[in-house]
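Asks:
Residue numbers (my numbering): -10 to 193.
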């Protein structure tokens, strides 16, 4: 009985140590990373079990508040946050949707990466254990209007390697990052967007 109790105590201690370390990695990543560039592979799975939708592209952010999310395959789409507005451009539809940052970001995944380092203002953090060789942190939005139930971030060492997002409709988006660069020099023009002349602009 003594051995079982000791074993349980050691397991609990180890779990608490890993928990603190994983959340610390998220804090250290946000505090030490002002800009980032990475390639991403994205998989979106619906609750009904349909075949996941796959896409890939390049993402960048410059904190605070600026980001560029460029989907290249299978269909082009561009999301640009300039610090005041978020622009979503669908070239095939010749359509641009624009929203103010306050309503578009809030408790969304973009706020986790491009927002300020004090993320507890918008998210409650919890250790989510090890999976796929990564240490995971689960972030639950404090705002009920964020559109997301939870966001999980996976770390390998000090680098962000993956994100998993569960939205309010039960849809799961999985992101895997590759060729990640921390604090590269990014031209300010990457975070500005002017709607093409032949596009319909919808929104604020």
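From the three backbone atoms N, C-alpha and C, an ideal C-beta is built for every residue, glycine too.
None of the values given here were measured: they were computed from a predicted structure.
Residue 26 and residue 180 - do their beta-carbons sit closer together than 7 Å?
Replies: As a first step, residue 180 is located in the chain shown; it is residue number 191 there, counting from the start. As a first step, residue 26 is located in the chain shown; it is residue number 37 there, counting from the start. Result no, Cβ atoms of residue 180 and residue 26 do not sit closer than 7 Å.
Asks: Which of the three DSSP states is assigned to residue 130 in this structure?
Replies: For the purposes of this step, residue 130 is identified with residue 141 of the chain shown, where counting begins at 1. It is a strand residue.
Asks: Taking Cβ positions, are residue 125 and residue 104 nearer each other than 7 Å?
Replies: As a position in the chain shown, residue 125 is number 136, starting the count at 1. As a position in the chain shown, residue 104 is number 115, starting the count at 1. Not in contact: residue 125 and residue 104 (Cβ atoms no closer than 7 Å).
Asks: Ignore the nearest five residues each way along the sequence and tell me which others in residue 120's own chain have a CB closer than 8 Å to its CB.
Replies: In the chain shown, the residue the question calls residue 120 occupies position 131. Cβ neighbours of residue 120 beyond the five flanking positions: 143.
Asks: Could you tell me which residues DSSP pairs with residue 88 in its beta bridges?
Replies: Here residue 88 corresponds to residue number 99 of the chain shown, with the count starting at 1. Looking at the DSSP assignment, residue 88 forms a beta bridge with 75.
Asks: If you pair each beta-carbon of the stretch 18 to 37 with each one of the stretch 65 to 76, do three or more pairs fall below 8 Å?
Replies: Segments in contact, no.
Asks: Could you work out which residue in 147, 161, 168 and 156 is closest to residue 12 when comparing CA atoms only?
Replies: The residue given as residue 12 occupies position 23 in the chain shown. Among 147, 161, 168 and 156, the Cα nearest to that of residue 12 is on 147.
Asks: Answer with buried or exposed for residue 110, where buried requires no fewer than 16 other C-beta atoms within 10 angstroms of its C-beta.
Replies: Position 121 of the chain shown holds residue 110. Label assigned to residue 110: exposed.
Asks: Please name the residue or residues paired with residue 44 in a DSSP beta bridge.
Replies: Residue mapping note: residue 44 aligns to position 55 of the chain shown, counting from 1. BP columns for residue 44 point to 31.
Asks: Excluding the 5 residues preceding and the 5 following residue 50 in the sequence, name in chain order all residues of the same chain whose CB lies nearer than 6 Å to its CB.
Replies: As a position in the chain shown, residue 50 is number 61, starting the count at 1. Cβ neighbours of residue 50 beyond the five flanking positions: 25, 56, 102 and 103.
Asks: Where residue 10 and residue 44 are concerned, what is the direct C-alpha to C-alpha distance, given to the nearest angstrom?
Replies: Residue numbering aside, residue 10 sits at position 21 when the chain shown is read from its first letter. Residue numbering aside, residue 44 sits at position 55 when the chain shown is read from its first letter. One C-alpha to the other measures close to 32 Å.
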